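Listed in order, the protein sequences are those of chains A and B. If you count the first sequence from 1, position 528 lands on 528 in the numbering used here, and the numbers rise without skipping. If you count the second sequence from 1, position 13 lands on 803 in the numbering used here, and the numbers rise without skipping.
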Amino acid sequence: MTAQTGIGARVKRKEDQRFLTGTGRYVDDLALARTTHAHFVRSPHAHAKIKAIDTSEAGKMPGVVAIFTGKDIADAKVGGLICGWVVKDKEGNPHKAPPHPVMALDTVRYVGDTVAMVVANSADEAKDAAETIKVDYEVLPANVDLAKALDKGSPQVHAEAPGNLIYDWEIGVKADVDAAFAKAAHVTKLDLVNNRLIPNAMEPRAAAAEYDKGTGNYTLWSTSQNPHVLRLILSAFVLGIPEHKLRVIAPDVGGGFGSKVFCYNEETMVCWASSRVGRPIKWTAERSESFQTDAHGRDHVTHAELALDKDGKFLALRVETIANMGAYLSTFSTAVPTYLYATLLAGQYTTPLIYANVKAALTNTAPVDAYRGAGRPEATFVVETIVSKAAKELKIDPAELRRKNFIPSDAFPYQTPVALQYDSGNYPPIIDEAIKIAEYKGFEARRAEAKSRGKLRGIGFSSYIEACGLAPSQVIGQLGGGVGQWESAQIKFNPTGNVQVLTGSHSHGQSHETTFAQIVSDKLGVPIEQIEVVHGDTATTPFGMGTYGSRSLAVGGSAITKAADKIIAKGKKIAAHLMEASAADIVFENGVFKVAGTDKNVPLGQAVFAAYVPHNYPLAELEPGMDENAFYDPANFVYPAGTQICEVEIDPDTGQVEIVNFTAVDDFGNIINPMIVEGQVHGGIVQGVGQALLENAVYDKETGQLVSGSYMDYTMPRADDVPSFKLDYKVTPCPHNPLGVKGCGEAGAIAAPAAVMNAVHDALAPVGVSHVPMPATPLNVWQAIQGASK
Amino acid sequence: MTIPVAMTVNGKSVSGKVEARTLLVQFLREHLGMTGTHVGCDTSQCGACVVDVDGKSVKSCTMLAVQAEGTKVITIEGLAESAEKLHPMQEAFRENHALQCGFCTPGMVMSAIDMVKRHNYQLDEATVRRELEGNLCRCTGYHNIVKAILAAAPAMKSAGV
Numbered sequence: 001m002t003a004q005t006g007i008g009a010r011v012k013r014k015e016d017q018r019f020l021t022g023t024g025r026y027v028d029d030l031a032l033a034r035t036t037h038a039h040f041v042r043s044p045h046a047h048a049k050i051k052a053i054d055t056s057e058a059g060k061m062p063g064v065v066a067i068f069t070g071k072d073i074a075d076a077k078v079g080g081l082i083c084g085w086v087v088k089d090k091e092g093n094p095h096k097a098p099p100h101p102v103m104a105l106d107t108v109r110y111v112g113d114t115v116a117m118v119v120a121n122s123a124d125e126a127k128d129a130a131e132t133i134k135v136d137y138e139v140l141p142a143n144v145d146l147a148k149a150l151d152k153g154s155p156q157v158h159a160e161a162p163g164n165l166i167y168d169w170e171i172g173v174k175a176d177v178d179a180a181f182a183k184a185a186h187v188t189k190l191d192l193v194n195n196r197l198i199p200n201a202m203e204p205r206a207a208a209a210e211y212d213k214g215t216g217n218y219t220l221w222s223t224s225q226n227p228h229v230l231r232l233i234l235s236a237f238v239l240g241i242p243e244h245k246l247r248v249i250a251p252d253v254g255g256g257f258g259s260k261v262f263c264y265n266e267e268t269m270v271c272w273a274s275s276r277v278g279r280p281i282k283w284t285a286e287r288s289e290s291f292q293t294d295a296h297g298r299d300h301v302t303h304a305e306l307a308l309d310k311d312g313k314f315l316a317l318r319v320e321t322i323a324n325m326g327a328y329l330s331t332f333s334t335a336v337p338t339y340l341y342a343t344l345l346a347g348q349y350t351t352p353l354i355y356a357n358v359k360a361a362l363t364n365t366a367p368v369d370a371y372r373g374a375g376r377p378e379a380t381f382v383v384e385t386i387v388s389k390a391a392k393e394l395k396i397d398p399a400e401l402r403r404k405n406f407i408p409s410d411a412f413p414y415q416t417p418v419a420l421q422y423d424s425g426n427y428p429p430i431i432d433e434a435i436k437i438a439e440y441k442g443f444e445a446r447r448a449e450a451k452s453r454g455k456l457r458g459i460g461f462s463s464y465i466e467a468c469g470l471a472p473s474q475v476i477g478q479l480g481g482g483v484g485q486w487e488s489a490q491i492k493f494n495p496t497g498n499v500q501v502l503t504g505s506h507s508h509g510q511s512h513e514t515t516f517a518q519i520v521s522d523k524l525g526v527p528i529e530q531i532e533v534v535h536g537d538t539a540t541t542p543f544g545m546g547t548y549g550s551r552s553l554a555v556g557g558s559a560i561t562k563a564a565d566k567i568i569a570k571g572k573k574i575a576a577h578l579m580e581a582s583a584a585d586i587v588f589e590n591g592v593f594k595v596a597g598t599d600k601n602v603p604l605g606q607a608v609f610a611a612y613v614p615h616n617y618p619l620a621e622l623e624p625g626m627d628e629n630a631f632y633d634p635a636n637f638v639y640p641a642g643t644q645i646c647e648v649e650i651d652p653d654t655g656q657v658e659i660v661n662f663t664a665v666d667d668f669g670n671i672i673n674p675m676i677v678e679g680q681v682h683g684g685i686v687q688g689v690g691q692a693l694l695e696n697a698v699y700d701k702e703t704g705q706l707v708s709g710s711y712m713d714y715t716m717p718r719a720d721d722v723p724s725f726k727l728d729y730k731v732t733p734c735p736h737n738p739l740g741v742k743g744c745g746e747a748g749a750i751a752a753p754a755a756v757m758n759a760v761h762d763a764l765a766p767v768g769v770s771h772v773p774m775p776a777t778p779l780n781v782w783q784a785i786q787g788a789s790k
Numbered sequence: 791m792t793i794p795v796a797m798t799v800n801g802k803s804v805s806g807k808v809e810a811r812t813l814l815v816q817f818l819r820e821h822l823g824m825t826g827t828h829v830g831c832d833t834s835q836c837g838a839c840v841v842d843v844d845g846k847s848v849k850s851c852t853m854l855a856v857q858a859e860g861t862k863v864i865t866i867e868g869l870a871e872s873a874e875k876l877h878p879m880q881e882a883f884r885e886n887h888a889l890q891c892g893f894c895t896p897g898m899v900m901s902a903i904d905m906v907k908r909h910n911y912q913l914d915e916a917t918v919r920r921e922l923e924g925n926l927c928r929c930t931g932y933h934n935i936v937k938a939i940l941a942a943a944p945a946m947k948s949a950g951v
């Protein structure tokens with residue numbers, strides 16, 4: 001029974017039926033009786049003083065129910081949005097925390113900043129009225145260019161952060177690293193820009209709220225990756241609605257990739273205003289609003305140096321990064337370029353000394369926060385780009401240089417110089433397998449053949465490590481994180497034997513309803529069709545931390561496993577009573593309790609029934625019911641690792657890059673559903689390819705206008721931009737969680753940019769190009785070729 | 791001012807009163823409550839809103855409801871014969887794990903069916919990838935969508951749909 005549906009099986013997804021028949025239920029699909037609709041007036045300027053807002057005409061427009069401005073919010077004493085992670089600077093001072101009002105009061109700080117909310121009977125009427133609102137702005141100089149954001153004289157974004165500096169943070173001992181560089185046989189230097197990205201989940205953000213006057217209860221439906229945390233933030237910091245009076249529901253959510261982790265002003269406003277309007281309010285972002293106001297990702301300017309000895313062993317790595325925070329600090333923004341970035345700079349290597357300095361800068365652009373991979377793609381891009389560059393400079397095969405510096409398989413657990421202790425890994429077999437699949441040996445022949453057709457062919461490696469499965473709470477606490485990072489689970493049998501599995505994590509494409517059901521089916525021997533996974537509703541699920549940082553299986557799945565163990569333990573006592581045996585003699589196999597060494601048995605379903613109809617039951621020692629919950633706080637992060645190999649062909653006349661081969665070999669520990677894992681890797685790779693070749697969030701450096709503000713300007717990867725992928729796995733189980741699993745959600749996006757860019761640089765080396773800025777668009781590639789031939 | 795409009799959606803006659811500016815997708819979602827068809831952008835690029843109008847694949851965010859007067863519209867809700875018997879394209883998407891968050895899926899499936907028919911049930915990978923120009927997916931990396939469409943083409947032919 002469970003062989004086809006248990007751990008390791010390619011079970012078809014339980015969630016597919018509703019998505020394939022148009023019966024999913026996303027926030028915008030809600031039809032609330034008497035609902036109103038909200039539309040937000042947004043700043044057209046990157047930086048301006050609000051001198052006056054005239055809503056008089058809008059108030060008379062058809063269908064308008066209410067209009068709110070920043071003054072209404074300030075008068076109501078609504079709290080500002082928070083940044084939940086305190087990063088301490090070099091001197092031990094907490095980061096600068098300028099206020100983040102829910103609605104701008106007297107200053108707007110980026111194009112898209114929220115100025116007013118119009119509530120009307122229909123979305124069109126709200127929009128019509130919003131267009132008549134007159135805002136008198138005094139335009140101020142904007143601080144847009146990250147490279148100059150910290151320069152003296154750059155326009156000041158917030159008075160609370162002088163010089164636009166949020167923190168000047170470091171990790172590692174600079175003097176030791178500098179000393180190693182002084183003795184190095186070779187130093188490779190690299191300047192790079194990690195391009196800014198816009199997450200672009202296909203479902204735009206949306207929120208709907210309803211206030212029940214009778215009970216004083218609020219219900220907020222939100223496109224959230226972590227409804228419990230959203231409720232906690234709104235209750236404790238922003239709106240002051242007690243947690244037990246606010247129910248947050250994240251129903252079907254159409255992708256997140258990090259952008260739906262954060263607490264945003266629109267959902268806050270919709271919730272707050274619902275009690276004032278006395279009718280439900282619904283808001284769904286138009287795509288243009290998503291471009292302007294979803295938290296963006298990446299956006300680093302970095303200088304890195306790698307010191308090597310004469311044999312190509314890495315001696316030290318030195319990294320200087322300026323990270324863009326945007327105009328306000330989003331929920332987890334401060335942690336991304338520090339603890340999720342610099343701690344990963346060891347990569348898969350034994351580099352003994354690492355120093356990183358990160359300066360976080362404010363600019364007049366949308367807030368920047370975690371986006372698929374969050375810090376780890378940026379780290380991998382630095383490490384894997386500089387390693388390939390060093391290989392080229394030293395004329396060492398890039399695979400060989402990597403192998404020479406890999407952490408040896410017998411060195412785990414391995415303490416890196418940047419805080420993390422890798423729990424497990426075995427890197428050489430991964431790169432060997434990738435090389436085999438990618439037919440690396442035949443590459444030079446393929447390069448020569450391509451040359452005969454006038455094409456430049458290149459190959460690139462990226463051997464990534466990531467720390468995910470966020471996270472051990474005590475470690476997070478020591479590093480300044482404001483919350484615990486455990487996960488919860490509840491396994492609730494019904495008297496008739498079917499099961500509800502409630503989780504505090506949230507699925508917005510990750511397939512929890514299937515994967516988690518497989519775990520329970522496997523552990524308890526219950527047919528998978530009798531298992532329902534419930535998530536996304538603070539009223540029905542136990543408090544949990546949600547889904548991000550590839551944590552749902554490693555942390556949430558582990559909590560489910562613990563709850564299943566409790567079910568088995570209780571079932572054993574019931575079965576022992578029913579069979580008049582000692583609980584110590586009971587074994588549980590394939591859903592049946594047996595007295596060891598006899599043919600006496602009690603199926604789990606019978607024990608469950610006895611627990612709910614306890615006529616013959618040990619009531620003196622045992623409570624009735626079969627309903628167990630568990631909380632799991634991991635002992636460490638999990639450390640997936642892998643190698644990607646990308647092969648490209650470039651047309652030197654047009655600069656067009658075509659990916660002709662792409663191989664990924666990963667170690668995700670044990671795999672619950674290979675079909676689902678492959679899907680996660682495919683999607684991640686294409687987001688990484690998007691960053692490498694296509695996507696770029698561009699602000700006009702003078703005016704701060706978002707010039708890549710639609711799908712006509714921001715190049716999303718399309719089906720014909722990518723090939724089919726070749727995937728394989730190596731397995732070193734995680735030693736510290738009960739499933740032996742690592743995370744797979746972010747890996748593709750973490751590794752791919754470096755694999756692609758290394759391939760591009762390899763292809764262009766013969767024509768004298770040493771650097772192409774990312775994304776390697778036809779224009780950037782063509783210009784690099786032209787520049788080199790001059 | 792409202793305008794009366796009537797059409798057939800998934801074999802049923804429907805009618806309503808709409809504003810002149812009401813889009814077909816708004817009519818489907820807000821007037822008829824058929825929320826399977828999605829809106830993912832405001833520039834007719836993402837393809838989440840694709841439906842079939844009189845045998846032609848149409849982005850319903852780019853057609854006014856009044857333009858659909860008298861037409862026969864098929865949406866994602868109208869494809870499956872029953873809960874047990876899905877359209878071969880829906881089945882192929884399930885078999886090949888061609889969907890994750892599900893948001894682009896309705897438009898993908900509708901476009902894919904149209905693609906298979908226009909190419910007389912004969913497709914290769916390059917053609918499928920090129921034909922998906924008008925449909926964005928952020929989750930799957932397209933790998934399994936391409937696989938599903940290639941698998942569905944012969945299945946649709948043998949099922950005669």
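C-beta: ideal position from N, C-alpha, C; glycine also. Note that the structure is predicted; figures quoted are calculated from it, not measured.
Buried or exposed: where does residue i fall if 16 or more other Cβ atoms within 10 Å of its Cβ makes it buried?
i                     : result
residue 1 (chain A)   : Any reading at residue 1 (chain A) must be qualified, since the residue scores a pLDDT of 44, below 50, and its modelled position is unreliable; the value itself is stated next. So residue 1 (chain A) ends up on the exposed side.
residue 879 (chain B) : buried
residue 115 (chain A) : buried
residue 377 (chain A) : buried
residue 42 (chain A)  : buried
residue 219 (chain A) : buried
residue 829 (chain A) : Residue coverage of chain A in this structure runs from 1 to 790, which leaves residue 829 (chain A) outside it and unanswerable.
Closest to residue i by C-alpha separation, out of the options, would be which residue?
i                     : options                    : result
residue 589 (chain A) : A:622, A:565, A:297, A:577 : A:565
residue 146 (chain A) : A:98, A:288, A:360, A:29   : A:360
residue 4 (chain A)   : A:450, A:724, A:518, A:139 : A:518
residue 160 (chain A) : A:94, A:743, A:181, A:633  : A:94
residue 186 (chain A) : A:309, A:201, A:204        : A:309
residue 752 (chain A) : A:113, A:548, A:379        : A:379
residue 780 (chain A) : A:6, A:38, A:654           : A:654
For the alpha helix (DSSP H) that contains residue i, what are its first and last residues?
i                     : result
residue 429 (chain A) : 427-437
residue 567 (chain A) : 558-578
For the beta strand (DSSP E) that residue i lies in, which residues bound it at each end?
i                     : result
residue 810 (chain A) : Residue 810 (chain A) lies beyond the range of chain A shown here (1 to 790); nothing can be said about it.
residue 491 (chain A) : 487-493
residue 761 (chain A) : Note, residue 761 (chain A): premise wrong, no beta strand (DSSP E); alpha helix (DSSP H) at 747-764.
residue 456 (chain A) : 456-465
For the segment 115-151 of chain A, which segments carrying the alpha helix (DSSP H) assignment without a break, of at least 4 residues, lie completely within its bounds, in sequence order? 123-130
Residue ranges of each alpha helix (DSSP H) run of no fewer than 4 residues wholly in the segment 824-896 of chain B, ordered along the chain? 878-885
For the segment 891-903 of chain B and the segment 171-178 of chain A, state whether three or more C-beta atom pairs, one from each stretch, are separated by less than 8 Å. no
Any 3 or more C-beta pairs closer than 8 Å across the segment 470-487 of chain A and the segment 660-667 of chain A: no
Does the segment 77-84 of chain A come close enough to the segment 234-249 of chain A to have 3 or more Cβ pairs within less than 8 Å? yes
Pair every Cβ in the segment 868-877 of chain B with every Cβ in the segment 11-31 of chain A, then say whether three or more of these pairs are closer than 8 Å. yes
Note down, one range per segment and in chain order, each alpha helix (DSSP H) of at least 4 residues found wholly within the segment 145-233 of chain A. 174-182, 227-233
Given 8 Å, three or more beta-carbon pairs between the segment 482-490 of chain A and the segment 335-346 of chain A: no
Are at least three pairs of beta-carbons, each pair with one atom in the segment 637-655 of chain A and one in the segment 445-459 of chain A, less than 8 Å apart? yes
I'd like the ranges of any beta strand (DSSP E) spanning at least 3 consecutive residues and lying wholly in the segment 297-363 of chain A. 297-308, 314-326, 353-362
Specify whether the segment 286-302 of chain A and the segment 930-943 of chain B touch according to this definition: at least 3 beta carbon pairs, one from each stretch, less than 8 Å apart. no
The segment 323-330 of chain A / the segment 348-367 of chain A touching (three or more Cβ pairs under 8 Å): yes
Does the count of Cβ pairs from the segment 311-318 of chain A and the segment 399-412 of chain A closer than 8 Å reach three? yes
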